[in-house]
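> Pasting a structure below so you can have a look.
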Amino acid sequence: MLNLPAEPGTVGVVLLALGALVALLVFAPLVERIGAEVGGRRGERAPSWLVAGALAITVAGAPFGLWRVVEDIRKTAPITPEHARYVGAETKRIDGELVERVAALIPRNATYGVVVSEGAYEVIREGLPYWLGYALLPRRQARDARGAEWIVAWGGTPASLGIRARPPQLVGRNRLADREPVYVAEAAS
Numbered sequence: 022m023l024n025l026p027a028e029p030g031t032v033g034v035v036l037l038a039l040g041a042l043v044a045l046l047v048f049a050p051l052v053e054r055i056g057a058e059v060g061g062r063r064g065e066r067a068p069s070w071l072v073a074g075a076l077a078i079t080v081a082g083a084p085f086g087l088w089r090v091v092e093d094i095r096k097t098a099p100i101t102p103e104h105a106r107y108v109g110a111e112t113k114r115i116d117g118e119l120v121e122r123v124a125a126l127i128p129r130n131a132t133y134g135v136v137v138s139e140g141a142y143e144v145i146r147e148g149l150p151y152w153l154g155y156a157l158l159p160r161r162q163a164r165d166a167r168g169a170e171w172i173v174a175w176g177g178t179p180a181s182l183g184i185r186a187r188p189p190q191l192v193g194r195n196r197l198a199d200r201e202p203v204y205v206a207e208a209a210s
């Protein structure tokens, strides 16, 4: 997610280590007592250790889990409603404002095809069709752009990307990645 660290970082590692230490100190002496509670026979340690281990892992992760929830809320709470509309697209380097402009140009009952320049970032080439499939509903995305009524061309004109279409309209330039041009055109008849 945008603005959130992918790794636990120093604080997270310290909290996990402290949680593990507390869990070990609390549950290791209680193994026999836990065994009696779970019905294990005296001398059989496997069920006792299994239950104690599960409880210890839960306790060990609790400080980190609580810290991470608070930290995530602290980082995401300042996101404005305007930014929240585009945050999903922006994590894939897709300019959400351009997607809204594309939606305004394609009729709601139309089909559209997506073509993306080979020069575009891989995350855009892979993510754009999925993002548009959601963002342009109720319009229907064609599997092959050549069979669609409308063409969304990202990174070049439909013609430069190998699709026949009527003269395209420049929707704008992607402000998140190399200012790639984005075009919409009605398919050639």
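Just so we're aligned, residue 22 is where the sequence shown starts under this note's numbering, counting upward by one. The beta-carbon is built from N, C-alpha and C at its ideal position, and this holds for glycine as well.
DSSP state of residue 142, grouped into three classes?
Here DSSP, grouped into helix, strand and coil, assigns residue 142 to coil.
> Excluding five sequence neighbours on each side, which residues of the same chain lie with their C-beta closer than 6 angstroms to the C-beta of residue 99?
Correct list: empty, nothing qualifies.
> Would residue 80 and residue 123 be called neighbours here (beta carbons separated by less than 8 angstroms)?
For residue 80 and residue 123, no; Cβs fall outside 8 angstroms.
> I'd like the list of long-range same chain contacts for residue 137, defined as Cβ closer than 7 angstroms, with 5 residues on each side in sequence excluded.
Excluding sequence neighbours, residue 137 sits near 145, 146, 149, 175 and 176.
> Nearest to residue 156 by alpha carbon, out of 142, 141 and 108?
108
> What are the boundary residues of the beta strand (DSSP E) that includes residue 206?
202-207
> Assuming residue 166 contacts residue 135 under a Cβ cut-off of 8 angstroms, what Cβ separation, rounded to an integer in Å, is found between them?
Contact holds; Cβ gap of about 6 angstroms.
> Identify every run of the alpha helix (DSSP H) within the stretch 31-88, keeping only runs that are complete inside it and at least 4 residues long; order them along the chain.
You should have 52-59.
> With 16 as the cutoff for other CB atoms within 10 Å, does residue 184 come out buried or exposed?
buried
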